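Structure first, then comments.
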Amino acid sequence: MSAEIITTDRLSKFYGSIRGIDDVSIKVPTGGVGFLGPNGAGKTTLIRTLLGIIRPTKGSGYVLGYNIKSEINQVRDRIGYIPEFNTSFIPDMTAMKFVAFCGRMNGLANAESKQRASDSLYYVGLGEERYRKLGTFSLGMKQKVKLASALVHDPEIIIADEPTNGLDPTGRTQMLELIRNLQTDQNKHVILSSHLLRDVEQTTDYAIVFSEGEILAQGKIKDLTSGRSTSISVKVKYHQEQFIRNLKDKGFEVWDEGGFIEVKKFNDTEKAIFIAAYDSGAEIRYFGSRSSTLEDVFVDLFRNKEGIQ
Ligand SMILES: Nc1ncnc2c1ncn2[C@@H]1O[C@H](COP(=O)(O)OP(=O)(O)OP(=O)(O)O)[C@@H](O)[C@H]1O
Ligand SMILES: [Mg+2]
Numbered sequence: 402m403s404a405e406i407i408t409t410d411r412l413s414k415f416y417g418s419i420r421g422i423d424d425v426s427i428k429v430p431t432g433g434v435g436f437l438g439p440n441g442a443g444k445t446t447l448i449r450t451l452l453g454i455i456r457p458t459k460g461s462g463y464v465l466g467y468n469i470k471s472e473i474n475q476v477r478d479r480i481g482y483i484p485e486f487n488t489s490f491i492p493d494m495t496a497m498k499f500v501a502f503c504g505r506m507n508g509l510a511n512a513e514s515k516q517r518a519s520d521s522l523y524y525v526g527l528g529e530e531r532y533r534k535l536g537t538f539s540l541g542m543k544q545k546v547k548l549a550s551a552l553v554h555d556p557e558i559i560i561a562d563e564p565t566n567g568l569d570p571t572g573r574t575q576m577l578e579l580i581r582n583l584q585t586d587q588n589k590h591v592i593l594s595s596h597l598l599r600d601v602e603q604t605t606d607y608a609i610v611f612s613e614g615e616i617l618a619q620g621k622i623k624d625l626t627s628g629r630s631t632s633i634s635v636k637v638k639y640h641q642e643q644f645i646r647n648l649k650d651k652g653f654e655v656w657d658e659g660g661f662i663e664v665k666k667f668n669d670t671e672k673a674i675f676i677a678a679y680d681s682g683a684e685i686r687y688f689g690s691r692s693s694t695l696e697d698v699f700v701d702l703f704r705n706k707e708g709i710q
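Under this note's numbering, the first residue of the sequence shown carries the number 402, and numbering increases by one thereafter.
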């Protein structure tokens, strides 16, 4: 297999005069990739174009060597797709029936579709609940059913479009773990589309960054983010004011962000935080990297779009 699972060359999709994606040339490496970008950046448009759901206005694309225009059946056979919006589940249908039905739609024989449906539902953690009706499922469970139905025909690539939307923190973690583990447990290539860098970071180490229909950057996340200013989040108990004063006195930029004390990274920031806490008598209760949004980390990429290669 080549080192790339998907390539596109100047792929564009315009909805009338509205730009969906414009001149998108990407190379998606094997393993896992995050499609990162704010709302309206073109992630879903690219995914739907790759799946042949919408036809490109111009340009070309290949999935595992198959042409997305002329060999779309071969492309679809090889992709399991978790759409962004809620699949219209029939409330009275059991999870088993639904996933097996998806298997049949993907060309599996009856017995095989049942076996694969059962295996897939067990894989996503819904083995015990597989004969329950979908109408009784929580949103998190429904997302897992969507993942199971994407897996049922054993595709080589899984594309998950914003699969954590609307989920609580536990649901998010479970979903991201499942997607990450697919790479190691089942040798799948995964594409996770999200507007949150932290979701992508937890799942893959490679990202393609979108903005307004264009690609801003692609590469390993650690290379894309290296050298960009980030901050450290701290929570302290006791003497918070003094702790903040100590840091400011040493020249650190400090601000409040949703109840966290944010300290902009500078020289030896970590050490300075511990010294400031010790000197002020504050007790550190939380210490970690800020869970950056895409905008936080790539803010200068967005600002200087013209300068990006
Ligand atoms: N069916 C459509 N008709 C007209 N314009 C559309 C259509 N679908 C998408 N667009 C436009 O194309 C652009 C890209 O949208 P797209 O849904 O691909 O972005 P996205 O990155 O998936 O955003 P989100 O994070 O909100 O899902 C947006 O300006 C959007 O309004
Ligand atoms: Mg979208």
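For glycine and all other residues, C-beta sits at the position ideal for the given N, C-alpha and C.
Please read all numbers here as calculations on a predicted model, not as lab measurements.
Item: With DSSP run on the structure shown, which of helix, strand or coil describes T565?; Value: coil
Item: If we ignore side chains and look at the alpha-carbon of each, how far apart do L522 and G481 end up?; Value: 15 Å
Item: Could you check whether the Cβ of P484 sits closer than 8 Å to any heavy atom belonging to ligand 1?; Value: no
Item: Would you list, in sequence order, the uninterrupted alpha helix (DSSP H) runs of no fewer than 4 residues that lie entirely inside the region 431 to 471?; Value: 444 to 451
Item: List in chain order: all unbroken beta strand (DSSP E) runs of 3+ residues lying wholly within the region 534 to 598.; Value: 558 to 562, 590 to 595
Item: For the beta strand (DSSP E) containing R411, list its first residue and its last residue.; Value: 405 to 416
Item: For A683, count neighbouring Cβ atoms within 10 angstroms of its own Cβ and tell me buried if that reaches 16, exposed if not.; Value: buried
Item: Are the CB atoms of I422 and L412 within a distance shorter than 9 Å?; Value: yes
Item: Give me the DSSP bridge partner(s) of V425.; Value: L412
Item: If we count the other Cβ atoms within 10 Å of its Cβ and call it buried at 16 or more, is F667 buried or exposed?; Value: exposed
Item: For the beta strand (DSSP E) containing A518, list its first residue and its last residue.; Value: That residue, A518, is in no beta strand (DSSP E); its alpha helix (DSSP H) goes 511 to 524.
Item: Assign L540 to buried or exposed, taking buried as 16 or more other Cβ atoms, counted over all protein chains shown, within 10 Å of its Cβ.; Value: exposed
Item: Measuring CB to CB, does F688 end up less than 9 Å from K636?; Value: yes
Item: In angstroms with no decimal places, state the Cα-to-Cα distance between I616 and G438.; Value: 9 Å
Item: Heavy atom of ligand 3 less than 8 Å from the Cβ of K444, yes or no?; Value: Looking for ligand 3 in the displayed structure turns up nothing; the ligands present are ligand 1 and ligand 2.
Item: To the nearest whole angstrom, what separates the beta carbons of S514 and G528, a pair I think is in contact under 8 Å?; Value: Not really, about 17 Å apart at Cβ, beyond 8 Å.
Item: Kindly indicate which three-state DSSP category S632 falls into: helix, strand or coil?; Value: strand
Item: Report the rounded CA-to-CA distance for A678 versus R599, giving the unit in angstroms.; Value: 27 Å
Item: Run the CB neighbour count on Q619, radius 10 Å, all protein chains shown included, and call it buried at 16 or more, exposed below.; Value: buried
Item: Using the rule of at least 16 other Cβ atoms within 10 Å of the residue's Cβ for burial, across every protein chain shown, is R686 buried or exposed?; Value: exposed
Item: For a test of the three-state rule: what should DSSP assign to K638, helix, strand or coil?; Value: strand
Item: Please tell me whether L552 and F436 are closer than 9 Å, where the distance is taken between their beta carbons.; Value: no
Item: By the DSSP assignment, the beta strand (DSSP E) with D657 in it spans what residues?; Value: 655 to 658
Item: Indicate the three-state DSSP secondary structure (helix, strand or coil) for F490 in the structure shown.; Value: coil
Item: For ligand 2, any of its heavy atoms closer than 8 Å to the Cβ of S612?; Value: no
Item: From A496 to Y532, what does the alpha carbon distance come to, in whole angstroms?; Value: 6 Å
Item: Kindly list the residues whose CB is nearer than 6 Å to the CB of Q643, restricted to its own chain and excluding five residues on each side of it in sequence; keep chain order.; Value: S681
Item: State buried or exposed for S489, treating a residue as buried only when at least 16 other CB atoms are found within 10 Å of its CB.; Value: exposed
Item: Could you name the residues of the same chain whose beta carbon sits closer than 6 Å to that of Y416, not counting the 5 residues immediately before and after it, in chain order?; Value: none
Item: Within 8 Å: the Cβ of H596 and any heavy atom of ligand 1?; Value: yes
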